[in-house]
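Chains as they are written, first to last, in my numbering: chain Y, 1 to 474; chain P, 1001 to 1449.
The beta-carbon is built from N, C-alpha and C at its ideal position, and this holds for glycine as well.
Reviewing the structure listed below.
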Amino acid sequence: MTRGTSGLRLLALFAFTLALGPVSPGQSLHIPPHEKIVLKNGLTVLLMEKHGVPLVDIFALVKTGAAADPAGQEGLASVTAGLLRKGTRTRTAQQFSADFDFIGGSFSAEAGADFTNINAEFLSKDLSRGLELFSDALLHPTFPQTETDKILAQSLDGVKSAKDEPQAVLRLYYNGYLYGTHPYGRPPDGDELSLKRIQRDAIVRFYETNYAPGNTILGVAGEFDPAEMRKKLEETLGAWTARTVGSNSVAAFPPAKGKKLLLIDKPDATQTYFAIGNIGTAANDPDRVAIRVVNTIFGGRFTSELNEALRVESGYTYGANSVFDSRRAPGPFGIFSFTKNETTTPAIDLALQVLEKLHKNGVTEEQLKSAKSYIKGQFPPTIETSSQLVRRIVVNEYYGLGDDEVNQLEARMDAVTPVIAKQIIEKHFPVDNLVFVLIGDASAIRLAVKKYADKMDERPVSDPGFWPPPGAQK
Amino acid sequence: MKKNRQFGTALLLLCVLGIAVPPVWAQSKEFPVSSHTLKNGMKVLVQPDHSIPNVALYIFYRIGSRNEHPGTTGLSHFFEHMMFNGAKKYGPGDLDKAMEANGASNNAYTSQNVTVYQDWFPRSALELIYDIEADRIRDLTFDPKKIASEREVVASERRLSVDNNNFGLLDEQLRATAFIAHTYQWPVVGWMSDIQSWTMEDLKHHFEMGYSPSNATMVVVGDVSPEEIFQLCEKYIEPIPSHAPPPPVTTIEPEQLGERRLVVHKPAELPLLMIGYHVPQTNNPDFYALNILRSVLFQGESSRMYQRLVDKDQLALDVSYDVDSAFDPTLGVITAQPRQGVDPPACEKAIYEELENVKSGLISDRELEKAKNNQLADFYREMRTINGRANTIGTYEVFMGDYNKLFDAAKSYSAVTKEDVQRVAKKYFGPNNRTVATLLPENEEKAKQ
Chain Y
1 MTRGTSGLRL LALFAFTLAL GPVSPGQSLH IPPHEKIVLK NGLTVLLMEK
51 HGVPLVDIFA LVKTGAAADP AGQEGLASVT AGLLRKGTRT RTAQQFSADF
101 DFIGGSFSAE AGADFTNINA EFLSKDLSRG LELFSDALLH PTFPQTETDK
151 ILAQSLDGVK SAKDEPQAVL RLYYNGYLYG THPYGRPPDG DELSLKRIQR
201 DAIVRFYETN YAPGNTILGV AGEFDPAEMR KKLEETLGAW TARTVGSNSV
251 AAFPPAKGKK LLLIDKPDAT QTYFAIGNIG TAANDPDRVA IRVVNTIFGG
301 RFTSELNEAL RVESGYTYGA NSVFDSRRAP GPFGIFSFTK NETTTPAIDL
351 ALQVLEKLHK NGVTEEQLKS AKSYIKGQFP PTIETSSQLV RRIVVNEYYG
401 LGDDEVNQLE ARMDAVTPVI AKQIIEKHFP VDNLVFVLIG DASAIRLAVK
451 KYADKMDERP VSDPGFWPPP GAQK
Chain P
1001 MKKNRQFGTA LLLLCVLGIA VPPVWAQSKE FPVSSHTLKN GMKVLVQPDH
1051 SIPNVALYIF YRIGSRNEHP GTTGLSHFFE HMMFNGAKKY GPGDLDKAME
1101 ANGASNNAYT SQNVTVYQDW FPRSALELIY DIEADRIRDL TFDPKKIASE
1151 REVVASERRL SVDNNNFGLL DEQLRATAFI AHTYQWPVVG WMSDIQSWTM
1201 EDLKHHFEMG YSPSNATMVV VGDVSPEEIF QLCEKYIEPI PSHAPPPPVT
1251 TIEPEQLGER RLVVHKPAEL PLLMIGYHVP QTNNPDFYAL NILRSVLFQG
1301 ESSRMYQRLV DKDQLALDVS YDVDSAFDPT LGVITAQPRQ GVDPPACEKA
1351 IYEELENVKS GLISDRELEK AKNNQLADFY REMRTINGRA NTIGTYEVFM
1401 GDYNKLFDAA KSYSAVTKED VQRVAKKYFG PNNRTVATLL PENEEKAKQ
């Protein structure tokens, strides 16, 4: 059944909707109250008391991430984060795990492109213990050589394991092909060669250079007594020695001109996994709310134009979507999907047609109304738990967005009209200049996909690294 | 991704527990679930929570791949997809468009045992959701064009989750070998040749077999009152007549009398190892002791298996254990990814030695306490969202036979002793009861030759 023939049913549906009353969910979105304090050592602390479930969540954001990895040592920020729990001044890795697991707590640390985040969660009754363990890992890691060797070797095998699943590595190749040697092109967890080059000294230096109270925002949310929490934070994280650190700016990277295509050969693949796009937007882009509304219509939900065309109407794929991965500097934008080898070019052709149609027709008032309602209706469960809330307030603080990012979301969405949407499409959705990355059986699709680009590159998935090929790196 | 099924993660029954369960969850009056059975036999469970203006609504149908037959494997899952493709009032595409335009989203999953439909929405969309759910339970339609395109969607899903995913591929081979009689032997997504062969008659028959209201349980958690939900149910759901439930699955898997082994050869960067043991169904009394054993062996970086295989001996990249909620005796599966250059048998040997250790000696008091602390924390993690609660209440009702078992879980876990843990380790984790599946990278094998 095509979109065109369902008009009558849609009319009937709208009559029904009116009978039910206004479509608007009727709530106003807001971030619960919280306080911000800055400790003497420069650590910014956000505290949110939230009752209902006896858990406490901590989210520490160190304002340095994988984008700061030196070229050729990709994965440095990631292994540094991974080693925090692998030995401290007073605990071995095994003791740390035993102590944290005993209270049913969880601890994780990972490096994204812009920042590193270290999280912990434990029962409220274990506050003292949990906070002490968290601080121990953040403030006093010792990076034992044996644990360093272990994590580097494990990370290397992790890259190999990921390469067995095209979906798991598509974005790594895509970002690499899009950004080249720019920091956003580097694989955050490293690759088979870079991980072999990382020495313990570099890890210790990375930690000492970047893990500092003035370079960190720490959020705590959950069931606790605020006065007690402030006191305990002073006792633990207040003891973190102040250090000055350099700036972590990432230069903007210009969008690709023309069309180019990278084909990653995985001979046993029965489907082609593809990404199409260009450089997108920064996290603080003034157009971000309008972009979100338009992208919801284009590729951000089940009934999006992309999924309707590639899944619902044609059956080419199990799923198609589009994503703006917004960061401190403009991050990647991409259309993502997959389809069996035989329908590779029909599916990509269709995705491009949907994109061209978006530029030609823009979006209707009705589509905007639906998308805004969808975003509003789906939002509350994303700020339901203390773990969700703590992450959101800290990340919004980091990007300089603040609570208004949520509190003003509805008002900002309401301002998006079809005319504004048209401007947003022209400005932010690339159509003439596109980068294509495909993972699939090259012998089956190589000739057919040449038509998409003026320039085409090819690599086997089994070759070490992602893109650019290691030999080409400076 | 919607209307999907993820291997190994589907419907893992929440492990609930704690010696020191605070009173807030300990008593049903402080965790009020209202129950009402409609005249057509559908049971409805409601738990009000006004902390966010949203609602999670789950409908559990007691039908899954265990109710299928050779030739039409995967039909339950395909049918799940068809439940979104048009009924009498909401034609093809209308359901999703109406929901999303009103701020709602949906999904569904199929397991070997159940097919579960999930709606997440602002309370303003409450009546719309009931109108939609009633429409598709009462008057689902089958459009040949939709069947044809959805068949391709499911084939793509299979390529994604099995053909191009070593974990999915080996899991499928493992179950096909571990079960020789019971219907748990075929994949939920179905064999590719069956996906390509279902007919409209098969779909109609499946609908008649599995989708009687009396074969379903509805759970609603969120910004609602029990009274308004029961009224909506009376208006929209109760008039839908019931009919006979699916025929019982009578086949009992015979006891396994010796180890079974299988090998998959394919291009891969790393090998993979899965070991399956026949374990009892969810409502078996050993459920609680088995969960404590699972926690001691596999939960967290201080667990015995992680310490041995990942940390100390550095044999595996990761090691885990999964078991689906099940009506019939099922499979508990240990998965380990051997490190580069490690022969899978070395991983196997270490796993067996750790299993022997929990059989030959008792776990420590501290391990038992740690396992129970973890059950408690996991309980809160699951129960802190309206979505998690809807899933948990429904899972207890469907697989334990009564949602009230949720309130007994603390007691049931605290009753587990070190001797119980040893007993279940001995009873279920012996060599004769295991099936061992290994995926070997073809490229590496060629290089060795």
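- The three-state secondary structure of Y:LEU29, taken from DSSP, is coil.
- At a cut-off of 8 Å, the C-beta of Y:GLU384 has a neighbouring C-beta in chain P.
- The beta-carbon separation of Y:ASN433 and Y:LYS257, rounded to 5 Å, stays under the 8 Å limit for a contact.
- In this structure, DSSP gives P:HIS1278 an extended state, which the three-state scheme calls strand.
- A Cβ-Cβ contact shorter than 8 Å links Y:LEU438 with Y:LEU263.
- The beta carbon of Y:SER326 does not come within 8 Å of any beta carbon belonging to chain P, so the residue lies off that interface.
- With fewer than 16 other CB atoms across the displayed protein chains lying within 10 angstroms of its CB, Y:ASN284 is exposed.
- For Y:THR339, the enclosing beta strand (DSSP E) has its first and last residue at 332 to 340.
- Leaving aside the five residues that flank Y:ASP126 on each side, the residues in its chain whose CB is nearer than 6 Å to its CB run, in chain order, ILE103.
- Rounded to the nearest angstrom, the gap between the Cα atoms of P:PRO1226 and P:VAL1055 is 12 Å.
- When DSSP reads this structure, Y:ASP265 sits in a beta bridge with Y:GLY440, Y:PRO460.
- Taking C-alpha positions only, P:GLN1118 is separated from P:LEU1355 by approximately 38 Å.
- Residue environment analysis places Y:ILE348 among the buried positions, since at least 16 neighbouring C-beta atoms fall within 10 angstroms of its C-beta.
- Separation of the CB atoms of Y:LEU368 and Y:ALA415 is rounded to 11 Å, and the pair is thereby denied contact status at 8 Å.
- For the region 1253 to 1286 of chain P, the set of residues with a beta-carbon nearer than 9 Å to any beta-carbon of chain Y comprises LYS1266, PRO1267, ALA1268, GLU1269, LEU1270, LEU1272, in chain order.
- The residues PRO226, in chain order, have a CB closer than 6 Å to that of Y:GLU49 in the same chain once the five nearest residues on each side in sequence are set aside.
- At least 8 Å separates the beta-carbon of P:GLY1074 from that of P:PRO1247.
- P:ILE1229 and P:MET1099 have their C-alpha atoms spaced approximately 18 Å apart.
- The shortest CA-to-CA distance from Y:GLY331 to any of Y:ALA282, Y:THR244, Y:ALA98 is the one to Y:ALA282.
- Under the Cβ criterion of 8 Å, P:MET1082 is not counted among the residues facing chain Y.
- Under the 10 Å beta carbon count, P:MET1218 is surrounded by 16 or more other beta carbons and is classified as buried.
- Annotation: the continuous beta strand (DSSP E) that includes Y:ILE276 extends over 271 to 279.
- Within the model, the alpha-carbon separation for P:ARG1159 versus Y:GLY319 is close to 12 Å.
- 8 Å or more divides the Cβ of Y:SER326 from the Cβ of Y:ARG301.
- For P:ARG1434, the enclosing beta strand (DSSP E) has its first and last residue at 1434 to 1441.
- Here Y:SER443 is exposed: its Cβ has fewer than 16 other Cβ atoms, across all protein chains shown, within 10 Å.
- Note on P:ASN1291: 16 or more other CB atoms within 10 angstroms of its CB, so buried under the neighbour-count rule.
- In its chain, beyond the 5 residues on either side, LEU310, THR339, THR343, ALA347 have a beta carbon closer than 6 Å to the beta carbon of Y:TYR316.
- Restricted to the region 1276 to 1355 of chain P, the alpha helix (DSSP H) segments that are unbroken, complete and at least 4 residues in length are 1287 to 1298, listed in chain order.
- Contacts with chain P at 8 Å (Cβ-Cβ) include Y:TYR318.
- Fully contained in the region 1062 to 1133 of chain P are the following beta strand (DSSP E) runs of length 3 or more, in chain order: 1105 to 1110, 1115 to 1122.
- The region 395 to 413 of chain Y makes no contact with the region 222 to 242 of chain Y; the number of CB pairs closer than 8 Å stays below 3.
- Between the region 63 to 75 of chain Y and the region 196 to 214 of chain Y, the count of C-beta pairs closer than 8 Å reaches three or more; the two stretches touch.
- The shortest C-alpha to C-alpha distance from Y:ILE335 to any of Y:VAL323, Y:GLY377, Y:ALA329 is the one to Y:VAL323.
- Listed in chain order, the positions of the region 142 to 154 of chain Y with a beta carbon within less than 8 Å of a beta carbon of chain P are LYS150, ALA153, GLN154.
- Against chain Y, the CB of P:THR1385 has a partner CB under 8 Å away; the residue lies at that interface.
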